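> Sharing a structure with you now.
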Amino acid sequence: MTPDPDASARLRAAVRGRVLAPDDAEYDEARRVWNGMVQKHPCLIVQAAGAGDVAPAIAFARETGLPLAIRGGGHNVAGNGSVDDGILLDMGGLHAVEVDPDSGLVRAEAGATLGDIDRATEPYALAVPVGVVSGTGIAGLTLGGGVGWLTRRYGLTIDNLVSAEVVVATGELVRASDDENPDLFWGLRGGGGNFGVVTSFTFRAHPLDPQVFAGTLIYERPRWSEALRSYVAWAADVPDEITTLVTFMVPPVDWELGSRPLMFLGFAWAGADRVEGEAVIDRLRTACSPDVAVLDPTRWLAFQSAFDRAMPKGVRAYWRNASFDRLDGPMIDTLVEHCGAQDWVGTAADLHHLGGAFGRVAEDTTAFPNRAAQFWLNIYGFWANPADDPARIGWVKGISDAMGPYAMAGQYVNFLGHDDADPYRKALAAYGPAKLERLMALKRRYDPMNLFRINHNIPPAA
Ligand SMILES: Cc1cc2nc3c(=O)[nH]c(=O)nc-3n(C[C@H](O)[C@H](O)[C@H](O)COP(=O)(O)OP(=O)(O)OC[C@H]3O[C@@H](n4cnc5c(N)ncnc54)[C@H](O)[C@@H]3O)c2cc1C
């Protein structure tokens, strides 16, 4: 589809950034997103050179009726960072991060990646709680929630968001915080990119020694059941300072750990007293001794990018997730059966331990669903060969269906893959009826025409 030439000319004249069309040499790389299964072809790509480029892009979408996609880091698993036959506003060129060590406030432009933020804060021995792969965009991650190695200590990324600057559907730039447009601030924290284009985020950072006590305990397949039972008992009584993430996968070849499924029990200690952290991990090691323990001192930046190479841009991906209030015997047996069936590299299941600071945020403080969850399971794939699609997607769906009967309400939109489900039903499954109603009222207020719809959409009306 070719947009109206006059409107395109006005857009080019109004923005400072580049506007790419399909015949530009850079177009093909610029249109691609992290998930190689999603191949979309926008008719124009605006590479924003400043916050001032946002309003003209919104005006162009409104005027032409073309769908508008917003991109931060392009890591959205469902491929919402691009669009067919529409306009893509790519904020990726705006990635400055400013740290004020006195106040602990960190201002990040919307195109920053998690790595940009960690690199800016680490010299001050500060950290913002973000996710665990450094190329992920702060924008999509924050607007959906943001879970990572500091979640039990300091909460989700949104729990540390102080304010955001947002260009809303009218083209007006507004601030959202506890004091300014608090309804919008509520919706931005979990409601995705439904309410406007964020141009910058301000976060509260926390002290973190750049040399962290973090590591991995590795268990062979025959010991998973015993290890998980010990882990669950241990996790019921650990301090907030420890966050753990259990991954079941066949490790990538370059990890040189062999080609069988392994259970990786990763942890990060975010407390001041490392000795205390060691004692906490020793309790787990005593309860169920790992086959291998990797406990070398780790630089925070290295730990935060440890998974990067396993999941490069362009891999094929399908993800699902579910939350749980417990992990009992039948659930453990189901997990072990399905995760142990992987004899390929390219799929995995991550079990995030929650509670702590995450669980103390009152449910109605943010749009993020289900603070009562104790564990969140993210089942995902990252394979290369299209011929593997049916088997890998089948594995993800199989474990998701098998764990479904044990799941609580609520889904984390950032861990949802692409599918054709009805947007209202998807939103209902993610947020539940009460939150969805509030989100829809907010949508009617800020975006009644659903201009921002290339996302996990909150429809203005059912
Ligand atoms: C390899 C990998 C690892 C991951 N690890 C984690 C993790 O550890 N923790 C976690 O919580 N999540 C994780 N995720 C999920 C991640 O949070 C989501 O995929 C998120 O959407 C990525 O954000 P992005 O900016 O990179 O995505 P993009 O594709 O650029 O954008 C995603 C969506 O966000 C919205 N958006 C983007 N920028 C803006 C903006 N400026 N204003 C308004 N809306 C905007 C748009 O609606 C867009 O549809 C991971 C994903 C991948 C692929």
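Its first residue numbered 183, the sequence shown is counted upward by one per residue in my numbering.
The beta carbon of each residue, even a glycine, is placed where N, CA and C say it ideally should be.
Note that this is a predicted model, so its numbers are computed, not measured.
Look at the alpha carbon of W368 and the alpha carbon of L477, and state the distance between them as a whole number of angstroms.
Approximately 39 angstroms, taken between the alpha carbons.
> Considering only the beta carbon of each residue, do T295 and P311 sit closer than 9 angstroms?
Result no, Cβ atoms of T295 and P311 do not sit closer than 9 angstroms.
> Any chance you could list the beta strand (DSSP E) runs of at least 3 consecutive residues sitting entirely within the segment 343–368, in chain order?
The segment 343–368 contains these whole beta strand (DSSP E) runs: 343–349 and 355–359.
> Should L323 and G255 be called a contact, given that it needs their Cβ atoms to be closer than 9 angstroms?
Cβ atoms of L323 and G255: closer than 9 angstroms.
> Can you tell me whether R198 is buried or exposed, with buried defined as 16 or more other CB within 10 angstroms of its CB?
By the 10 Å Cβ count, R198 comes out exposed.
> Looking at C-alpha atoms only, which residue of A499, G522 and M513 is the closest neighbour of N258?
When only C-alpha atoms are compared, the closest one is A499.
> Note down, one range per segment and in chain order, each alpha helix (DSSP H) of at least 4 residues found wholly within the segment 387–461.
Those alpha helix (DSSP H) runs which fall completely within the segment 387–461 and span 4+ residues are 406–417.
> Which same chain residues, not among the five before or five after F242, have their C-beta less than 7 angstroms away from its C-beta?
The answer, listed in chain order, is A189, L193 and I269.
> Counting beta carbon pairs with one atom in the segment 370–386 and one in the segment 403–410, are three or more of them shorter than 8 angstroms?
No: fewer than three Cβ pairs fall under 8 angstroms.
> Tell me whether N567 is buried or exposed, calling it buried when 16 or more other Cβ atoms sit within 10 Å of its Cβ.
So N567 ends up on the exposed side.
> Within the 9 angstroms Cβ cut-off, does S471 reach chain C?
Any reference to chain C falls outside this structure, which holds one protein chain only.
> Does DSSP put G319 in a helix, a strand or coil?
Correct three-state label for G319: strand.
> So I269 is in the beta strand (DSSP E); what residue range does that whole segment cover?
It spans I269 to D272 - the beta strand (DSSP E) in which I269 sits, taken as one unbroken run.
> Tell me which same chain residues have a C-beta within less than 8 angstroms of the C-beta of D570, skipping the five on either side of it?
Answer for D570: R498, W526 and G528, listed in chain order.
> If E304 and P392 are in contact, beta carbons under 8 angstroms, what's the gap, nearest whole angstrom?
Indeed they touch by this definition, with Cβ atoms about 5 angstroms apart.
> Let me know if Q229 comes out buried or exposed under the rule of 16 or more other beta-carbons within 10 Å of its beta-carbon.
When all chains shown are included, Q229 counts as buried.
> Residue ranges of each beta strand (DSSP E) run of no fewer than 3 residues wholly in the segment 219–260, ordered along the chain?
The segment 219–260 contains these whole beta strand (DSSP E) runs: 226–229 and 250–253.
> At a cut-off of 8 angstroms, would you count Y594 as near ligand 1, judging by its Cβ distance to the nearest heavy atom?
At least one heavy atom of ligand 1 is nearer than 8 angstroms to the Cβ of Y594, so yes.
> Return the bridge partner residues of D532 from the DSSP annotation.
Paired residues: T429 and N560.
> Between N552 and ligand 1, is there a pair consisting of the residue's CB and a ligand heavy atom that are separated by less than 8 angstroms?
Every heavy atom of ligand 1 is 8 angstroms or more from the Cβ of N552, so no.
> Alpha carbon to alpha carbon, how far is A207 from P185?
For A207 and P185, the distance between alpha carbons rounds to 19 angstroms.
> Shorter than 8 angstroms, the distance from the beta carbon of I299 to the closest heavy atom of ligand 1, or not?
For ligand 1, not one heavy atom lies less than 8 angstroms from the Cβ of I299.
> Relative to the C-alpha of A644, which candidate in A307, D507, P615 and Y628 has its C-alpha closest?
For the residues A307, D507, P615 and Y628, the minimum Cα distance to A644 belongs to P615.
> Just checking my contact of G261 with V315 at CB under 8 angstroms: how many whole Å lie between their CB atoms?
G261 to V315, Cβ: 17 angstroms. No contact.
> Please list the segments of the beta strand (DSSP E) lying wholly inside the segment 278–324, counting only runs of 3 or more residues, in order along the chain.
Runs found: 279–282 and 287–291.
> Kindly indicate which residue of R442, H534 and G327 has the alpha-carbon position closest to the one of G522.
Among R442, H534 and G327, the Cα nearest to that of G522 is on R442.
> Which term fits D455, buried or exposed, when burial requires 16 or more other beta carbons within 10 angstroms of its beta carbon?
Under this definition D455 is an exposed residue.
> Starting from F540, follow the alpha helix (DSSP H) in both directions and report where the run begins and ends.
Its alpha helix (DSSP H) spans residues G538 to R542.
> DSSP three-state label for V197, please.
V197 falls in the coil class under three-state DSSP.
> Roughly how many whole angstroms lie between the Cα atoms of V462 and F597?
Spanning the two alpha carbons is a distance of roughly 29 angstroms.
> Would you mind stating whether N552 and P605 have Cβ atoms separated by less than 9 angstroms?
No. Outside cutoff.
> So does the segment 356–365 actually touch the segment 465–485, counting three or more Cβ pairs closer than 8 angstroms?
Too few Cβ pairs lie closer than 8 angstroms, so no.
> Measuring alpha carbon to alpha carbon, tell me which of D210, L308, D422 and V281 ends up nearest F540.
That would be D422, whose Cα lies nearest to the Cα of F540.
> Is it true that the segment 331–351 meets the segment 447–454, where meeting means three or more beta-carbon pairs spaced less than 8 angstroms apart?
The segment 331–351, when compared against the segment 447–454, does touch it at the 8 angstroms Cβ threshold.
> Looking at the structure shown, is T184 part of a helix, part of a strand, or coil, going by DSSP?
Three-state result, T184: coil.
> When the distance is taken between beta carbons, is Y594 closer than 9 angstroms to W558?
Going by C-beta atoms, W558 is nearer than 9 angstroms to Y594.
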